[in-house]
Amino acid sequence: MSPTSPRPSAAQENLVRQAGRALARHGLVHAYGHCSMRLDQGHFLVSPAKPLGLVGDEDSCSVVPLEGPLPDGVLGEVRIHREIYRRRPEVGGVVRSMPPRVMTLGTARITPKPRHGFGSYFAPQPPLWDDPQLLRDDVQAAALAEQMAAARAIVMRGNGAVTAGGSLEEAVVLTWYLEDAARVEFEARAAGIAEGGVILGEAEVAQRATWSGAILDRMWAYLTTPQR
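Letter 117 of the sequence shown, counting from 1, is numbered 117 in UniProt numbering, and no numbers are missing.
What follows is the structure in structure tokens.
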């Protein structure tokens, strides 16, 4: 961390670690995946460069500036987070994940349509980054962020997904929603009912894709509380 970088609070570091462990607990990441939260207009805090399910309370997160090179020890694909934060001041959290059903559909160049409530948050459907390679240079990361534009998620062909939310909590919840939308899409196609199935209309999406009624808080609590 450079002398001009903000020093994250213990609560902020704990939040990033908690988010990473929640993603791992629910099978949304495995050996690969990372998450981050915005600290200020010029910096964000990213999870440790290790499998998120193995992150301990002693593992430090890294402060990443929006300008200049990535700090030593930060994973190459964290460039994706940086490019999203640069373009979207409303974004407070980013998750790079490997959800199984999202991955399966992505190999066929399919992204889920809004067939149920959770899918409505991504209407009309997430864009597809049609390249299975890792993104480890600034040009590719910038191109993905440009294609994602204002969407809440982008699916990467055979390579997982990226979600962006107003907070890290929101980005984590959106990752779970995206995987559930992919589950419904997959199962509807497997059952042969997708073509005749109902897709939520614009008005239905506008009403359903809401955070009111503690929807975000309840899902965050579910994802971050170890099951008994």
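Idealized CB from N, CA, C, for every residue including glycine. Small disclaimer: the values here were computed from a predicted structure and weren't measured.
I need the straight-line Cα distance from R25 to R17, nearest angstrom please. A direct Cα-Cα distance of roughly 12 Å separates R25 from R17.
Give the secondary structure of I154 by DSSP, where H, G and I count as helix, E and B as strand, and everything else as coil. The DSSP-derived three-state label of I154 is strand.
Is the number of C-beta pairs between the stretch 112-120 and the stretch 23-42 that are closer than 8 Å three or more? With a cut-off of 8 Å, the stretch 23-42 and the stretch 112-120 do not count as touching, because too few Cβ pairs lie within range.
According to DSSP, is P100 part of a helix, a strand, or is it coil? If DSSP states are grouped into helix, strand and coil, P100 belongs with the helices.
Using a threshold of 8 Å, state whether the C-beta atoms of P99 and L223 are closer than that. Against a cut-off of 8 Å, the Cβ pair of L223 and P99 comes out as no contact.
Specify, as a first and last residue, the run of the beta strand (DSSP E) that F44 falls within. Residues 43-46.
Ignore the nearest five residues each way along the sequence and tell me which others in L174's own chain have a CB closer than 7 Å to its CB. If you ignore the 5 residues before and after L174, its C-beta comes within less than 7 Å of the C-beta of Y121, R152, A153, T163, G165, all in its own chain and listed in chain order.
Express the C-alpha separation of R218 and S212 in angstroms, rounding to a whole number. Taking C-alpha positions only, S212 is separated from R218 by approximately 11 Å.
In the DSSP assignment, find the alpha helix (DSSP H) that holds D40 and state where it starts and stops. Judged by DSSP secondary structure, D40 falls outside any alpha helix (DSSP H) and instead within the beta strand (DSSP E) spanning 34-40.
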